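Shown next, in structure tokens, is the structure this report addresses.
Protein chains: 2
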Amino acid sequence: MAARKLLRRAGREKAGKFLVEGSQAVREALGGARVHDLFVTPAALERNPELIAAAEADGVPVTIVTDRAAETLSDTVTPQGLIAICDLLDVPLSTALDGAPALVAVLAAVAEPGNAGTVVRAADAAGADAVVLAGDTVDPHNGKAVRASTGSVFHLPLARERDTGAVLDACRAAGLTLLAADGQGELDLHDPAAAEVLARPTAWIFGGEAHGLPETVAEAADHRVRVPLYGRAESLNLATAAAVCLYASAGARRSRITGVPVTPGSSHEAIKKV
Amino acid sequence: MAARKLLRRAGREKAGKFLVEGSQAVREALGGARVHDLFVTPAALERNPELIAAAEADGVPVTIVTDRAAETLSDTVTPQGLIAICDLLDVPLSTALDGAPALVAVLAAVAEPGNAGTVVRAADAAGADAVVLAGDTVDPHNGKAVRASTGSVFHLPLARERDTGAVLDACRAAGLTLLAADGQGELDLHDPAAAEVLARPTAWIFGGEAHGLPETVAEAADHRVRVPLYGRAESLNLATAAAVCLYASAGARRSRITGVPVTPGSSHEAIKKV
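Line by line, the protein sequences are chains U and V.
Residue 209 in our numbering sits at position 209 of the first sequence, and the numbers go up by one each step.
Numbers in our numbering are just positions in the second sequence, counted from 1, shifted up by 1000.
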């Protein structure tokens, strides 16, 4: 069936649609995307009566398909027999950055779909307002990226822009301080000097797995921030570093809003107690 | 060759040895493990002259093998032609917890080797003194776990103990506060009330991917701590949550030691400035 073409990036971009597989993801899609069609095997229909009813209530055409047909639409080892066809999720950059965002994650030249999805999930968890994929980047509609995000691709605006410079300009115009995550950065994430910076409205810029951030991108940021390495590890992986950075921002903002520090040593009373 | 048996857990446990593949991992093994043998293809020999010389200087027998023989010792898609046979790394629990540890990561019933390796890497980066694998757990000498750790399995003591209760007792006896990472935990990682707790010598306990922490383990901890979810994500993945928790401890300890807060809002001056 023609929907098979959506397994490939070129097919998705031509059709402006992508595939969403499995009950959890389809449930999220019904809440966060425009769903055109739902294909379901008899077994999956039996397992997910409420979900199918919800789709029908939303006016989504539901088609019963054979296991074999469902397999041809799946890129997983264990097809779940439940596949939705949805409009691509990405919005224009200006839309993603609309409304005075406080926390944005920019992925520059990230190639591995699992990493992209995991960072989208962490960004969602940390309360980010948007995720922007900049430069030559993986497609967030790739099946593995969607699965790794565990629904988060449907939770917050995603934008794509090949011109990384334009992304940085737009973030700055949106009032965001640009922080480049950089293992060699001059600012230590846990340094007291970083505290004031972290509480600002921030766009975190994360580089690809293999080569990190291009030097020009790192230099264009307001600060290059390194996650301190207290042990002997030479680095953190992309998703882990991104989660630590985004949560540092979330914590700093919360602490600033409540006026109460997140970490100890911050009041003399706490120092005396411990 | 007999070394092939080391690709399987039972073979590793019987022989007390495991396989380490690739130049980066073998370099780390030479510095952090007892290496018995090094197998190298002619091509890998040519690519890694200094590494082979270092092995020979350490008295490690180096054997030239065919590409085909090297492939039989590899569980990767692209074998690197360089494989060391090393003694298993794990030490007794009492050894791992020796010397007043300040930060320990306990993995309870973690099944996925990539996750285990990624947490070991994050624990190393955050300055943990040891990693303990408790209960029915993945073997940290599994090839995928070793690769995901990017050398960190060689950097800090690893212990394994099937009796999770004994692990908790030993951690407590070592002066550690037990914090169970738990999405339903009563203590919010970013709550000011958590600050004093986080700065203590801590054993973080992380549960498996599928079912999280067993209730008995969570209840036995001193506190159950949740990573706050600021957005709409329902959870974080294990490795991401572990990194955020371990770095929160590292930051809290550093802040306590320096007497300067890691996050803003902690001095009135900072509040005024931002």
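Even glycine gets a Cβ: it sits at the ideal position worked out from N, Cα and C.
Owing to the predicted nature of the structure, the values given are computational and were not obtained by experimental measurement.
Chain-ordered neighbours of residue i on chain U, where CB pairs are closer than 9 Å
i, result
"residue 1115 of chain V", "Those do not exist, as residue 1115 of chain V stays about 11 Å from chain U at its closest Cβ, beyond 9 Å."
"residue 1143 of chain V", "By Cβ distance, chain U contributes nothing, its closest Cβ being about 17 Å from residue 1143 of chain V, past 9 Å."
Helix, strand or coil at residue i according to DSSP, with G and I counted as helix
i, result
"residue 177 of chain U", "strand"
"residue 1209 of chain V", "coil"
"residue 232 of chain U", "coil"
"residue 84 of chain U", "strand"
"residue 1012 of chain V", "helix"
"residue 203 of chain U", "strand"
"residue 1169 of chain V", "helix"
"residue 1219 of chain V", "helix"
"residue 1028 of chain V", "helix"
"residue 189 of chain U", "coil"
"residue 1227 of chain V", "coil"
"residue 20 of chain U", "strand"
"residue 1033 of chain V", "coil"
"residue 251 of chain U", "helix"
Contacts that residue i makes with chain V (C-beta to C-beta distance below 9 Å)
i, result
"residue 124 of chain U", "1229, 1230, 1231, 1232, 1233"
"residue 202 of chain U", "The contacting residues do not exist; residue 202 of chain U stays about 12 Å from chain V at best."
"residue 281 of chain U", "Nothing about residue 281 of chain U can be read from this structure; chain U reaches only from 1 to 274."
Cβ neighbour criterion (16 or more within 10 Å) applied to residue i
i, result
"residue 1095 of chain V", "exposed"
"residue 9 of chain U", "exposed"
"residue 28 of chain U", "buried"
"residue 1184 of chain V", "exposed"
"residue 182 of chain U", "buried"
"residue 150 of chain U", "buried"
"residue 205 of chain U", "buried"
"residue 1130 of chain V", "buried"
"residue 1017 of chain V", "buried"
"residue 1170 of chain V", "buried"
"residue 1067 of chain V", "exposed"
"residue 79 of chain U", "buried"
"residue 52 of chain U", "buried"
"residue 212 of chain U", "buried"
"residue 273 of chain U", "Unreliable positioning characterises residue 273 of chain U in this predicted model, as indicated by a pLDDT of 33, which lies under 50. A coordinate reading is not provided."
"residue 1207 of chain V", "buried"
"residue 193 of chain U", "exposed"
Residues that residue i contacts on chain V, provided the C-beta gap is smaller than 8 Å
i, result
"residue 23 of chain U", "Neighbours of residue 23 of chain U on chain V: none; closest Cβ ~14 Å, over 8 Å."
"residue 250 of chain U", "1190, 1228, 1230"
Beta-carbon proximity of residue i to residue j, cut-off 8 Å
i, j, result
"residue 1132 of chain V", "residue 1082 of chain V", "no"
"residue 1190 of chain V", "residue 1228 of chain V", "yes"
"residue 1256 of chain V", "residue 236 of chain U", "no"
"residue 107 of chain U", "residue 119 of chain U", "yes"
"residue 1153 of chain V", "residue 1086 of chain V", "no"
"residue 148 of chain U", "residue 114 of chain U", "yes"
"residue 109 of chain U", "residue 137 of chain U", "yes"
"residue 226 of chain U", "residue 1155 of chain V", "no"
"residue 164 of chain U", "residue 116 of chain U", "no"
"residue 1101 of chain V", "residue 1007 of chain V", "no"
"residue 1167 of chain V", "residue 1088 of chain V", "no"
"residue 1127 of chain V", "residue 1250 of chain V", "yes"
"residue 209 of chain U", "residue 238 of chain U", "yes"
"residue 1143 of chain V", "residue 1246 of chain V", "no"
"residue 62 of chain U", "residue 56 of chain U", "yes"
"residue 244 of chain U", "residue 1069 of chain V", "no"
"residue 252 of chain U", "residue 174 of chain U", "no"
"residue 1074 of chain V", "residue 1013 of chain V", "no"
"residue 49 of chain U", "residue 64 of chain U", "no"
"residue 125 of chain U", "residue 105 of chain U", "no"
"residue 1030 of chain V", "residue 1054 of chain V", "yes"
Where residue i meets chain U, residues with beta-carbon distance less than 8 Å
i, result
"residue 1236 of chain V", "121, 122, 125, 243"
"residue 1118 of chain V", "237, 240"
8 Å Cβ cut-off: residues of chain B touching residue i
i, result
"residue 156 of chain U", "No chain B appears in this structure, whose protein chains are U and V."
Partner residues on chain V for residue i, Cβ-Cβ distance less than 7 Å
i, result
"residue 152 of chain U", "1233"
"residue 254 of chain U", "1190"
Neighbour list for residue i in chain U, Cβ cutoff strictly below 7 Å
i, result
"residue 1029 of chain V", "What residue 1029 of chain V touches in chain U: nothing, since even the nearest Cβ is about 14 Å away."
| query | Which whole runs of the alpha helix (DSSP H) in the region 1035-1080 of chain V are 4 residues long or more, in chain order? | reply | Secondary structure within the region 1035-1080 of chain V: the alpha helix (DSSP H) runs of 4 or more consecutive residues, fully enclosed, are 1042-1047, 1049-1057, 1067-1072 (chain order).
| query | Whole alpha helix (DSSP H) runs in the region 1080-1164 of chain V with 4 or more residues, listed along the chain? | reply | Listed in chain order, the complete alpha helix (DSSP H) runs (minimum 4 residues) inside the region 1080-1164 of chain V are 1093-1096, 1113-1125, 1143-1148.
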